[in-house]
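Participant: Sharing a structure with you now.
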């Protein structure tokens with residue numbers, strides 16, 4: 001049997017705060033309901049078939065729509081999107097409608113909201129979900145992709161935004 005030593009969650013979060021992560025906005029829709037969350041836990045899985053993964057807090061009941069809708073859009077944010085990142089971060093008391101009013105959204109193939117001027121947007125169908133104690137890892141096959149002109153990326157490190 002494997003002897004596991006558990007790391008203190010606060011210590012782990014402090015260490016992860018030094019990890020530079022590209023800021024993403026993940027969105028979904030189901031009927032008239034929409035949800036968006038600012039994340040840094042996302043990456044490419046494969047280019048054939050094109051697929052990505054996102055990690056979402058499963059202790060927040062509002063995120064349940066991501067696990068039921070079957071679709072999501074992964075929107076890569078540029079440095080000029082810091083206000084959008086803040087709007088969807090949960091730091092403010094904005095309503096869901098106000099969050100989506102903070103930027104221009106449309107759809108591509110799946111119906112998930114896509115940030116109009118995202119550096120890159122990956123419109124995905126959910127193909128698998130791996131449940132972990134605090135987060136779910138959601139795998140998506142990319143159904144469509146769109147990208148804008150090149151701009152500096154929005155990075156999150158040391159609990160603050162940076163342009164790269």
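Numbering (full-length UniProt numbering), first residue to last: 1 to 164. Note that the Cβ used here is the ideal one computed from N, Cα and C, for glycine as well.
From residue 76 to residue 154, what distance separates their C-alpha atoms?
Facilitator: One C-alpha to the other measures close to 8 Å.
Participant: Going by Cα to Cα distance, which pick from 35, 74 and 158 is closest to residue 60?
Facilitator: Minimum Cα distance to residue 60 is reached at 35.
Participant: Below 8 Å on the Cβ atoms is my guess for residue 28 versus residue 71; work out the distance and round it to an integer in Å.
Facilitator: 6 Å between Cβ atoms; contact.
Participant: Considering only residues of the same chain and omitting the five flanking positions on each side of residue 17, which have a CB-CB separation below 8 Å?
Facilitator: The residues are 157, 158 and 159.
Participant: Closest to residue 37 by C-alpha separation, out of 149, 112, 31 and 147, would be which residue?
Facilitator: The residue with the shortest Cα to Cα distance from residue 37 is 112.
Participant: Looking at the structure shown, is residue 17 part of a helix, part of a strand, or coil, going by DSSP?
Facilitator: Residue 17: coil per DSSP, three-state reduction.
Participant: Among 15, 49 and 63, which residue has its Cα nearest to the Cα of residue 33?
Facilitator: The shortest Cα separation from residue 33 among 15, 49 and 63 belongs to 63.
Participant: Once the 5 residues before and after residue 88 are set aside, which same chain residues still bring their CB inside 7 Å of it?
Facilitator: These residues qualify, in order along the chain: 25, 36, 37, 38 and 99.
Participant: How many Å lie between residue 97 and residue 104 at the Cα?
Facilitator: Answer to the nearest angstrom: the Cα atoms are 12 Å apart.
Participant: Assuming residue 46 is part of the beta strand (DSSP E), what are its boundary residues?
Facilitator: From DSSP, the beta strand (DSSP E) with residue 46 extends over 42-47.
Participant: Can you have a look at residue 118 and say buried or exposed, based on whether 16 or more other CB atoms are within 10 angstroms of its CB?
Facilitator: Flag for residue 118 reads buried.
Participant: For residue 150, which of 78, 56 and 54 has the nearest alpha-carbon?
Facilitator: Minimum Cα distance to residue 150 is reached at 78.
Participant: Please report the residue range of the alpha helix (DSSP H) in which residue 65 lies.
Facilitator: Start and end: 64-69.
Participant: What first and last residue would you give for the alpha helix (DSSP H) that runs through residue 100?
Facilitator: Looking at the DSSP string, the run of the alpha helix (DSSP H) that includes residue 100 is 96-101.
Participant: Less than 7 Å between the C-beta atoms of residue 147 and residue 53, yes or no?
Facilitator: Result no, Cβ atoms of residue 147 and residue 53 do not sit closer than 7 Å.
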